[in-house]
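Protein chains in written order, with our numbering: chain A, 198 to 310; chain B, 10 to 118.
Everything below concerns the one structure shown next.
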């Protein structure tokens with residue numbers, strides 16, 4: 198298995214533009230998580246899904262953020278409109294049943310100018 | 010609510026010295042505890058989980074339920090151990106983990 202795959206690796210955009218981050222979890226994993234990493238706040242959980250259903254989105258900072266998981270092998274995190282303070286590394290992670298912990302993707306480095 | 014505290018943002022040691030990264034948690038129930046490591050510009054990787062009581066790359070961590078701590082230790086630090094280390098706690102059936110703020114470990118030659 199190639200692990201959790203995220204795209205793009207880097208995204209540079211201008212304030213006000215729409216940004217879409219993509220994630221493919223490990224096959225067979227039934228939970229998917231979106232985290233944001235910044236120097237100031239560390240790793241923040243934004244939203245997570247179980248069996249494609251959103252369980253808790255209380256970490257989503259504003260209505261500008263939305264996430265979907267249309268099927269077991271794909272999820273998106275969208276920011277519309279983007280702002281400079283959204284600049285961060287966004288990680289996707291997945292987990293299967295049992296005590297294996299989370300498996301992370303390589304992250305998307307987002308820069309909003 | 011579950012919470013993880015890593016009191017040290019930065020930790021510097023010399024090669025060959027012992028190192029301890031502190032982690033305290035709050036959780037009601039039986040928690041799962043993990044240590045993750047993130048090398049420069051790479052993804053987070055699972056280093057240790059308390060349930061397996063294993064030693065990875067010379068690191069160990071003991072769960073102390075009385076003190077609600079899960080400190081990470083290594084008797085002789087190596088330069089390649091320089092990285093960001095995150096402690097995490099979880100336990101819901103959905104596998105959600107809450108992470109600490111992280112500790113940046115620098116091992117000097």
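Where is the CB? At the ideal position from N, CA and C, for every residue including glycine.
Quick caveat: nothing in here was measured; it's all calculated off a predicted structure.
{"Query": "How would you write the range of the beta strand (DSSP E) that residue 208 (chain A) sits in, first residue to last?", "Result": "207–210"}
{"Query": "Hey, how far is the Cα of residue 256 (chain A) from the Cα of residue 50 (chain B)?", "Result": "24 Å"}
{"Query": "Within a Cβ cutoff of 6 Å, which residues of the same chain sit near residue 107 (chain B), ignoring the five residues on either side of it in sequence?", "Result": "11, 13 and 98"}
{"Query": "When Cβ atoms are compared, which residues of the stretch 38–71 of chain B fall closer than 7 Å to chain A?", "Result": "41, 43, 52, 53, 55, 58 and 60"}
{"Query": "Would you mind telling me which residues of chain B sit closer than 7 Å to residue 292 (chain A), beta carbon to beta carbon, in chain order?", "Result": "104"}
{"Query": "Identify the residues that DSSP records as bridge partners of residue 27 (chain B): which are they?", "Result": "According to DSSP, residue 27 (chain B) bridges with nothing at all."}
{"Query": "Which residue marks the beginning of the beta strand (DSSP E) containing residue 275 (chain A), and which one marks its end?", "Result": "271–276"}
{"Query": "Closer than 7 Å, Cβ to any Cβ of chain A: which residues of the stretch 67–101 of chain B, in chain order?", "Result": "95"}
{"Query": "Alpha carbon to alpha carbon, how far is residue 263 (chain A) from residue 253 (chain A)? Give it in angstroms, no decimals.", "Result": "12 Å"}
{"Query": "Decide if residue 23 (chain B) is buried, meaning its Cβ has at least 16 other Cβ atoms within 10 Å, or exposed.", "Result": "exposed"}
{"Query": "For residue 251 (chain A), which three-state DSSP category applies?", "Result": "strand"}
{"Query": "Can we say the stretch 205–219 of chain A touches the stretch 270–282 of chain A, given the rule of at least three CB pairs closer than 8 Å?", "Result": "yes"}
{"Query": "What residues in its chain sit with their C-beta under 7 Å from that of residue 266 (chain A), if we drop five residues either side in the sequence?", "Result": "229, 246, 249 and 272"}
{"Query": "Is there a Cβ from chain A that is less than 7 Å from the Cβ of residue 11 (chain B)?", "Result": "no"}
{"Query": "In chain B, what lies closer than 7 Å to residue 247 (chain A) by C-beta?", "Result": "103"}
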